[in-house]
Each structure stands twice: as structure tokens, then as C-alpha cells.
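Asks: I have a structure here, written as C-alpha cells, and I will follow up with some questions on it.
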Amino acid sequence: MLFSLFDYLRNKSTVTTPANEKPLTDTEDDLKKRISFLSGFMVAFKEQIHTDIKLEPNDGPSISAHKSLLAARSEIFKNILSSDNYKAPPSNTDTITLPELNTEELKSLLEFLYTGDLPEDKFKRHVFTLYVAADKYEILYLQESCERYMMNSLNESNALDILEISDSHPNKKLKDTTLNFIVRNMKSIVSSQKYEVFASSNPHLSVEITRAFVDARI
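If you read the sequence shown in the numbering used here, its first letter stands for residue -18, the second for the next number, and so on.
Right, here's the structure in full:
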């Protein structure tokens, strides 16, 4: 399962006390209250409270968000919003275009930026696109979350896709894990029709798979 905000807070929630006393830890009720408090960011987004920037996907109307949150989550967004074009008082026309994302992908990206998490079904549908966006906009926690999801869901039907994305957006840990999986399931993966298409468009990765297979047999 994905590492949730609740898990993070539960692991981190120790209150410092005098040296002669035992540390106090938050109760589950305390953690729920803290999560509810932090969820105010998502409420502000859903109810469009004091939004001051629009994000435009490649297939539909723009979605309003908050400059301060975008800048806090992404160094790239921070640099964009610090440019002269966005330093003037906010207007209804302040827009950032994200041509690599469709509407559903953009909504999932924003949900993650506001909450630090996504339902598993959204990760399943959008993990590759979100991983690429996280790399482009330097959203490290999202990139790590996508990496973790891909490694946990690695199977014979998606291994080649994960290998390809780990190569085009370099990630040694993800690539090595995927290569090892492919080598262990070499016969079924390489004999598939999908591999023929993959090999024609990624000859260098086909060579890497062959070398990894040979090395594993030595």
C-alpha cells in the first residue's frame, strides 16, 4: 500500500519531554484531528477559495489553484511564478499551460500537491504521466511515490513500459529493479507481441535486457 499521510504522522508524532519523563506520543484521535486540520488545503482547492492562478490542460478548460502552494511544492513552479509576467497583482488571466497533461491527469496532480497522496485507482491510471510531470516540475515526493507504486505493481504486462520510462527519465533504482524482473520472467516477456514493438522502438534497451540476461546466467 502507498505510504499515507496518516502513516507519516504516526511515525513522526513524538512530543519532546524532559529527560526524566517518557516521550508522549499522539493518540490516533490526535492524528485524525491533525490530518483534518491539514486537509483544509484541499477544501480551499475544491471550493476555489481565494485562488489566484489557472492551470490549463491540453484538452479542456483551465483549473484554478493557489500560487503559494504551487511555489511551495515545486521549484519549477516557484521560478515560473517569480518571473515578471506573474509578479503583477493577480488577474483572472494568469495562466500556466501544461500541454503534457489532460484534465484528469491535471486534477490528479493537483490533488497530490494539495494532500500529499492519491487513491490507488488514480495512481494506477496516471502513474506514468504523473511520474514524467514530477520529473519535469521537480516534485520529488510525487516522483518517489510514483516510483514506489511502479515497483510494487511491477508485472509482466507493464514491465517494458516501466523500463522505458525509467530510461527516458533516468532512475537507476527503478531501472535495475525492472531489468531484474524482466530477466526472471524472460521467456514470457520476450516472446510477447508487445516486446516486438518495444524492441523496434528501443533497440538500446533490448541490448541491455540481453546483457542482463547473459550476466545473470554466468
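Note that the Cβ used here is the ideal one computed from N, Cα and C, for glycine as well.
#1: Can you find at least 3 beta carbon pairs, one from the segment 53 to 65 and one from the segment 102 to 114, that sit closer than 8 Å?
#2: If you follow the beta strand (DSSP E) that T84 is in, where does it begin and where does it stop?
#3: Considering L36, what are the terminal residues of the beta strand (DSSP E) in which it resides?
#4: State the start and end residues of the unbroken beta strand (DSSP E) segment that holds S45.
#5: Could you confirm whether any beta carbon from chain C is found closer than 8 Å to the beta carbon of Y67?
#6: Is I77 helix, strand or coil by DSSP?
#7: Among the residues of its own chain, which have a CB less than 7 Å from the CB of S181, if the five just before and after it don't count?
#8: Does DSSP classify P184 as helix, strand or coil?
#9: Between Y67, D75 and R192, which has its C-alpha nearest S43's C-alpha?
#10: For my contact list, N152 and E128 are in at a C-beta cut-off of 8 Å; report their separation, rounded to the angstrom.
#11: Which class does Y176 belong to by DSSP, given the choice of helix, strand or coil?
#12: Given a threshold of 16 other Cβ atoms within 10 Å of its Cβ, counted over all protein chains shown, does D102 qualify as buried or as exposed?
Replies: On the basis of the coordinates in this document:
#1: no
#2: Not the beta strand (DSSP E): T84 falls in the alpha helix (DSSP H), residues T84 to T96.
#3: I34 to E37
#4: Element bounds for S45: I44 to A46.
#5: Here chain C cannot be found, since the structure has a single protein chain.
#6: strand
#7: Excluding sequence neighbours, S181 sits near nothing in its chain.
#8: helix
#9: D75
#10: So it is a contact: roughly 6 Å between Cβ atoms.
#11: helix
#12: A residue is called buried when at least 16 other Cβ atoms come within 10 angstroms of its Cβ; D102 does not meet this threshold and is exposed.
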